[in-house]
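Numbering (my numbering), first residue to last: 20 to 243.
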């Protein structure tokens, strides 16, 4: 049985270690990573990690991990479900990025410890959270507020598409997180390029795994 009170206490403790100001010089960020996850129908999680060159926005390296899911989906505790696969994919990279953007929240979280913040603490890395859905908080124009603190930013990156929500993960301030995320969006893509590429890789691996499983069963592969 999962002891949520114990996990809340752990999150509160870790949240105190989160740094929400820039700990780097802008010119030091030469490579940027993106991490995204997806799930298979047989209870596995695929985590894809991609590294791009900041200037050219071209892909340098991509790795992925596939693991069994060992924690249920509980809002506010996503890191306990997804972090193991993310860390495994990240550690497979030969080129460790200077910054990582994660498909998930940073401090835009009830206890200021979303997926991006938790990963940042674990890896001692500069991280930004970019979420496709709002977990918690009140939207005031473009700002997202929790407990009277501006913790995130609502950004519409694509016409007729839902907004994304940017928040600092670790070792970066909100203004820099917004600025960097905006500069990494290549229209018509909705997400910053590193996350967009990681999302594509995760879904491609998911399809390949399904086609391989179907082949064993004698089922024709699904169209690309």
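Each residue gets a CB set at the ideal place from its N, CA and C atoms; glycine is no exception.
CA-CA distance, residue 83 and residue 134?
18 Å
Rounded to the nearest angstrom, what separates residue 155 and residue 32 at their Cα positions?
20 Å
Roughly how many angstroms lie between the CA atoms of residue 26 and residue 95, to the nearest whole one?
10 Å
Minimum C-alpha distance to residue 206 - residue among 215, 198 and 199:
215
How many angstroms separate the CA atom of residue 115 from the CA atom of residue 50?
8 Å
Looking at C-alpha atoms only, which residue of 185, 128 and 20 is the closest neighbour of residue 119?
185
I need the straight-line Cα distance from residue 7 to residue 65, nearest angstrom please.
Past the edges of the chain, shown from 20 to 243, lies residue 7, and the structure says nothing about it.
Could you tell me which uninterrupted alpha helix (DSSP H) segments, each at least 4 residues in length, are contained entirely in the stretch 67 to 128, listed from first to last along the chain?
97 to 110
For the stretch 227 to 235 against the stretch 173 to 182, are there 3 or more C-beta pairs whose distance is under 8 Å?
no
By Cβ distance below 7 Å, which residues in the same chain neighbour residue 62 in space, the five residues on each side in sequence not counted?
87 and 88
Just mark residue 218 as buried or exposed, buried being the case when its beta carbon has 16 or more other beta carbons within 10 Å.
buried
Beta-carbon proximity check, residue 93 vs residue 105, cutoff 9 Å
no
From residue 140 to residue 208, what distance separates their C-alpha atoms?
29 Å
Measure the C-alpha to C-alpha separation of residue 46 and residue 233 and round it to an integer number of angstroms.
48 Å
With a threshold of 16 other CB atoms inside 10 Å of the CB of residue 165, please say whether the residue is buried or exposed.
buried
Can you list the alpha helix (DSSP H) stretches of 4 or more residues lying completely in the stretch 121 to 195, in chain order?
134 to 142
Give the DSSP bridge partners of residue 52, in chain order.
70 and 119
What residue does the alpha helix (DSSP H) around residue 35 start on, and which one ends it?
Counting along the chain, residue 35 falls outside any alpha helix (DSSP H), and DSSP gives it neither H nor E.
For a quick check, are the C-beta atoms of residue 197 and residue 38 less than 9 Å apart?
no
Between the C-alpha atoms of residue 97 and residue 57, what's the straight-line distance to the nearest angstrom?
13 Å
Best match in 145, 158, 130 and 182 for proximity to residue 28 [C-alpha to C-alpha]:
130
Am I right that residue 211 and residue 200 are in contact with their C-beta atoms under 8 Å? What's the rounded C-beta distance?
5 Å
Tell me the rounded alpha-carbon separation between residue 124 and residue 149.
6 Å
Collapsed DSSP secondary structure at residue 65 in the structure displayed:
strand
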